[in-house]
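>
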């Protein structure tokens, strides 16, 4: 009877040591899915920003469109180059995305290039 | 591990008690299942990473194809300094893609781009590049 109790104890100890590792792996997996989703979001935001930048000369309009698409839970920094653009200009928009409530601080970047459209020349 | 195949006989010498053997087997089975679960989680993590890379490359390719098609149509309008093909190629390259075909007409453009996938695991299953097609049509204001 004594032996049986001892075996049961060792089994519990092994499980107690293994379960945190499993839990950690599960958390890492879920965080990985979240980071992957945000990487796709950063790319889509850059695509949207490039599209707006190709038709609007205002940087504020680009930033506003990207911020509205990103939603309130995400911090985004938008870089647009060149500062002055016209018809035929190659425009690059970079979006740096950061989610403040994530336990791991990961900054993700999306980038897109567009061709300036004739609307940029119109007053 | 001691394996008991018959009934336990009191005073049976070195033969292990069946309840002890059962405990040992249960312990080994529990550890094995934890190990299997751990392997499954690690494989799932690898799959998530590879799928994320593939989806991101697909997103880049879609962006490049759409922007290149728009650039091709825009370049056909008066005031443009470059040809439709050159504009599409430049935009595709800027987006990290390679222009593979451009059916660039005056009112409509269909372009195809490819983006290389630089991942060993995906390469092993035959995915070494992602192709995307974009279309744009000029609509007069």
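Protein chains in written order, with my numbering: chain A, -14 to 108; chain B, 10 to 150.
Where is the CB? At the ideal position from N, CA and C, for every residue including glycine.
1. Who pairs with residue 96 of chain A in a beta bridge, going by DSSP?
2. Name the DSSP beta bridge partners of residue 107 of chain B, please?
3. Would residue 72 of chain A pass as a contact of residue 76 of chain B if the rule is Cβ separation under 8 angstroms?
4. Measure the CB-CB distance between residue 50 of chain B and residue 7 of chain A and report whether it falls below 8 angstroms.
5. What did DSSP end up calling residue 66 of chain A once you bin it into helix, strand or coil?
6. At the level of alpha carbons, what is the spacing between residue 140 of chain B and residue 67 of chain B?
7. Which one of A:92, A:26, A:98 and A:79 has the shortest CA to CA distance from residue 103 of chain B?
8. For residue 32 of chain A, which of helix, strand or coil comes out of DSSP?
9. Mark residue 106 of chain A as exposed unless 16 or more other C-beta atoms lie within 10 angstroms of its C-beta, in which case mark it buried.
10. Could you pull out every residue in the same chain whose Cβ sits closer than 7 angstroms to the Cβ of residue 67 of chain A, ignoring the five residues on either side in sequence?
11. What residue does the alpha helix (DSSP H) around residue 6 of chain B start on, and which one ends it?
12. Run through chain B and tell me which residues come within less than 9 angstroms of residue 109 of chain A, C-beta to C-beta.
13. Give every residue of the same chain whose Cβ lies closer than 8 angstroms to the Cβ of residue 131 of chain B, excluding the five residues on either side of it in the sequence, and list them in chain order.
Considering the structure as presented:
1. A:79
2. B:123
3. no
4. yes
5. strand
6. 8 angstroms
7. A:98
8. helix
9. exposed
10. 74
11. In the structure as shown, chain B begins at 10 and stops at 150. Residue 6 of chain B is therefore absent and cannot be evaluated.
12. With chain A covering only -14 through 108, there is no way to say anything about residue 109 of chain A.
13. 59, 62, 63 and 137
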